[in-house]
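In my numbering, the protein residues as written are 1 to 232.
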């Protein structure tokens, strides 16, 4: 099969007894845009309300800067939600590179968003749960997590950006020549594993303090649920 014919065909072999449909590929563009708009509105309102409150209190800090940077990253990488729910075999191969390019850009900004959010939350945990001048387990755990999170995402970022030479090979799978220096599956697994572990630790840290407070079990449950929803 020549290249021209290949480009006009599906970007992925369809399942048995399924015919590719390039005219009506299905999916829901409205859903993609809806997700982007809803997330953008909620994130923007949350950050703006926090910044307005902190400015009024004259207590702007590093955590606020991290949340603002995360919001900027979310805005820049929002195109990642486009074309959700479209089967790859309903997309022509010639139209796949622009989609993969958007996903690549979204992944780059996703790393920045994750780093900003996690570091910001950990800084808030320090301000909320660690008495001024005290260096307890919570203090050291938060700072270790801040260091590990920052280093991990600062390493992951250039790995994602420069995984192939030339970079076009990242999103154009038919590019002839060049090379890629890593295993994408291993990178994705490592990224997902570290993200899951760090999320779990960030969730557990305040719970450990809350359940040792001198208050009734009912109030502990209420405060615990409040912090859980706050993280979400």
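Cβ atoms here follow ideal geometry from the backbone N, Cα and C, with glycine treated the same way.
This structure is a prediction, so every number in the text was calculated from the model and none was measured.
Under DSSP, residue 165 forms a beta bridge with 179. Within its own chain, the residues whose Cβ lies closer than 6 Å to the Cβ of residue 69, once the five positions on either side in sequence are excluded, are 116, listed in chain order. Taking all protein chains shown into account, residue 162 has fewer than 16 neighbouring C-beta atoms within 10 Å of its C-beta and is therefore exposed. Across the structure, residue 33 and residue 215 are spaced so that their CA atoms are roughly 45 Å apart.
For residue 108, the uninterrupted alpha helix (DSSP H) segment begins and ends at 96-129. DSSP places residue 92 in the strand class (E or B) of the three-state scheme. Annotation for residue 192: the continuous alpha helix (DSSP H) segment containing it runs 184-210. For residue 203, the closest C-alpha among the options 221, 130 and 125 is that of 125. Straight across, the Cα-Cα distance linking residue 183 with residue 74 is about 26 Å. Fewer than three pairs of CB atoms, one per stretch, sit closer than 8 Å, so the stretch 142-150 makes no contact with the stretch 91-109. Bounds of the alpha helix (DSSP H) holding residue 5 are 3-8. In this structure, residue 92 and residue 8 form a Cβ contact; the two beta carbons are roughly 6 Å apart against a cut-off of 8 Å.
In the structure shown, residue 72 adopts helical secondary structure according to DSSP, grouped into three states. Relative to the Cα of residue 206, the nearest Cα in the group 218, 62, 12 and 225 belongs to 225. For residue 224, the three-state secondary structure derived from DSSP is helix.
For the pair residue 54 and residue 128, the Cα-to-Cα distance works out to about 14 Å.
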